[in-house]
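I have placed the structure first, in the form of structure tokens, so that the comments after it can refer back to it.
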Amino acid sequence: MTSDKNCSMMIFSGTSSPELASEIASGIGKNLGEIQISRFPCGEIYARLKENVRGQSVFVVQTATSNVNEEMMELFIIIDALKRASARSITAVIPHLPYARQDRKAASREPISARLLADLLTVSGVNRVITMDLHSDQIQGF
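The sequence shown runs 306 to 447 under the working numbering.
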């Protein structure tokens, strides 16, 4: 499927959630954007956009429930590809936000992993995140 070239919004999916992304796209009358996602022999993730996203508002749907770390790394790589392809804005749609339970230090020498995830999303190039049922309200400030 290809997306409508005349629209200003595009939707892409990571490998963890193609059914959800298809339902979202269908619900708003759009087609999913084409992207190639594969693995190198060593297991590293490869992503290549097959459509022009220059100047588009792009939404990327990716759940993170079964293999959280790999699914998030795939999302970071997709976001980076979109940013380097000059997408106007990038919104990550992550229904289950991983690491949300680690939103504060409960003991010394512990990370605040929810903050780290927010920082990684920002550095990768995301402008907004849409998620459901945050573990705590304070994550909104990250």
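For every residue, glycine included, the Cβ atom is placed at its ideal position computed from N, Cα and C.
Strand pairing of residue i, partner residues [DSSP]
i      : result
Leu337 : Ile316
Arg433 : Thr396
Supposed close pair residue i, residue j - CB separation, criterion 8 Å
i      : j      : result
Ile350 : Glu379 : 5 Å
Ala397 : Ile417 : About 19 Å; that fails the 8 Å criterion.
Ile329 : Ile316 : 6 Å
Gly360 : Ser391 : 7 Å
Residue i versus residue j - alpha carbon distance
i      : j      : result
Arg422 : Gly334 : The question names Arg, yet the displayed sequence has Leu at residue 422. Taking the straight line joining both Cα atoms gives about 31 Å.
Phe447 : Leu354 : In this prediction, Phe447 has a pLDDT of 46, which is less than 50 and means its spatial position is unreliable; what the coordinates show is noted afterwards. Their backbone Cα atoms lie some 29 Å apart in a straight line.
Ala411 : Tyr404 : 14 Å
Arg409 : Ile340 : 36 Å
Residue i and residue j closer than 7 Å at C-beta
i      : j      : result
Ser321 : Leu337 : no
Thr368 : His401 : yes
Asn477 : Ile399 : Past the boundaries of the shown model lies residue 477; the chain is included only from 306 to 447, so the question cannot be answered.
Ser362 : Ser313 : yes
Restricting to runs no shorter than 3 residues, where is the beta strand (DSSP E) found entirely within the segment 323-410? 340-344, 350-354, 362-366 and 394-398, all fully within the segment 323-410.
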